[in-house]
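Participant: One structure coming up, written as structure tokens, with questions to follow.
In this note's numbering, the protein residues as written are 4 to 290.
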């Protein structure tokens with residue numbers, strides 16, 4: 004999911020374009036080298052990449068097709084702009100950034116949010132297209148009463164990431180600042196789905212992920228997990244705003260201009276809100 008940190012910058016230097024192409028899966032026929040040119044009709048093809056295991060944002064269905072909220076938002080932008088055509092690529096989360104570094108992709112759509120490290124290397128869309136908060140997903144059988152705060156997780160086993168993600172940092176900071184109300188954090192190389200599974204199968208009492216991920220997981224798996232948003236004063240300023248990410252080369256900059264134009268249009272005409280409600284039942288698009 005979007006909460007994973009980017010691999011060390013040195014690694015990107017070591018990965019050649021050929022090696023990167025070998026680990027990615029490109030959907031469609033155009034190559035990134037040829038598709039950067041305008042067609043005779045004046046349409047510019049943009050290489051856009053998404054992950055395959057970030058449900059409900061981006062994933063592959065049984066037919067091998069990309070689905071998800073982020074996919075539908077980008078497609079809506081594509082429909083608004085006759086001057087561009089999106090050429091879709093799919094790969095693992097880490098390789099999305101390596102592909103941008105290598106000039107293979109101009110855009111990443113994968114529930115990516117900003118941090119200081121990323122803002123030094125990449126450009127982002129002027130506006131976000133998703134704004135959700137963190138939520139506790141917990142097994143009610145492991146708690147005596149209602150859970151509504153990190154304070155209610157005191158002494159409980161809470162699974163979290165091990166890669167320094169924002170939600171991991173939030174939980175560690177809470178424990179440090181509130182030692183009498185600290186939870187027992189269990190770190191692992193997890194996806195958000197893995198974290199929720201640890202609660203479902205009894206390895207952990209609770210976890211903290213973003214709200215839509217937890218709600219969709221609970222609905223699709225038919226579990227008894229309860230999901231509740233963290234109160235505002237425990238969000239740590241970590242409103243999970245997702246942005247389209249772009250490289251800093253000329254082609255990526257042109258792609259950013261197009262996406263900024265199209266994103267504004269689908270915000271203004273209500274299309275973005277409609278897509279959010281279709282996927283989540285709630286409008287998570289307000290900035």
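All C-beta atoms, glycine included, are put in the ideal place defined by N, C-alpha and C. Quantities reported herein were computed from a predicted structural model and do not represent experimental measurements.
Going by DSSP, what residue range makes up the beta strand (DSSP E) through residue 244?
Facilitator: 243–249
Participant: Report the rounded CA-to-CA distance for residue 150 versus residue 214, giving the unit in angstroms.
Facilitator: 15 Å
Participant: Less than 7 Å separating the beta-carbons of residue 229 and residue 143?
Facilitator: yes
Participant: For a quick check, are the C-beta atoms of residue 188 and residue 226 less than 7 Å apart?
Facilitator: no
Participant: Strictly by DSSP, which residues pair up with residue 88?
Facilitator: 48
Participant: According to the neighbour-count rule (16 or more other Cβ atoms, all chains shown, within 10 Å of its Cβ), is residue 37 buried or exposed?
Facilitator: Because the pLDDT of residue 37 is 38, which lies under 50, any placement of that residue in the model is unreliable, and the number read from its coordinates should be weighed accordingly. Exposed, because fewer than 16 other Cβ atoms sit within 10 Å of the Cβ of residue 37.
Participant: Check whether the segment 165–172 and the segment 246–255 touch, using three or more Cβ-Cβ pairs below 8 Å as the test.
Facilitator: no
Participant: According to DSSP, is residue 202 part of a helix, a strand, or is it coil?
Facilitator: helix
Participant: Buried or exposed, going by whether 16 or more other CB atoms sit within 10 Å of the CB of residue 2?
Facilitator: No statement about residue 2 is possible, as the shown extent of the chain runs from 4 to 290 and does not include it.
Participant: Drop a sphere of 10 angstroms on the beta-carbon of residue 256, count the other beta-carbons inside from all chains shown, and report buried for 16 or more, exposed for fewer.
Facilitator: exposed
Participant: Do residue 2 and residue 286 have their C-beta atoms closer together than 7 Å?
Facilitator: Nothing about residue 2 can be read from this structure; the chain reaches only from 4 to 290.
Participant: For residue 56, name the three-state secondary structure that DSSP assigns.
Facilitator: strand
Participant: If we ignore side chains and look at the alpha-carbon of each, how far apart do residue 96 and residue 108 end up?
Facilitator: 13 Å
Participant: DSSP has residue 139 in a bridge; who is on the other side?
Facilitator: 211, 231
Participant: Are there 16 or more other CB atoms within 10 angstroms of the CB of residue 289, so buried, or fewer, so exposed?
Facilitator: exposed
Participant: Put residue 171 into one of helix, strand or coil per three-state DSSP.
Facilitator: helix
Participant: Is the beta carbon of residue 71 sitting closer than 7 Å to the one on residue 60?
Facilitator: yes
Participant: Are the CB atoms of residue 63 and residue 76 within a distance shorter than 7 Å?
Facilitator: no
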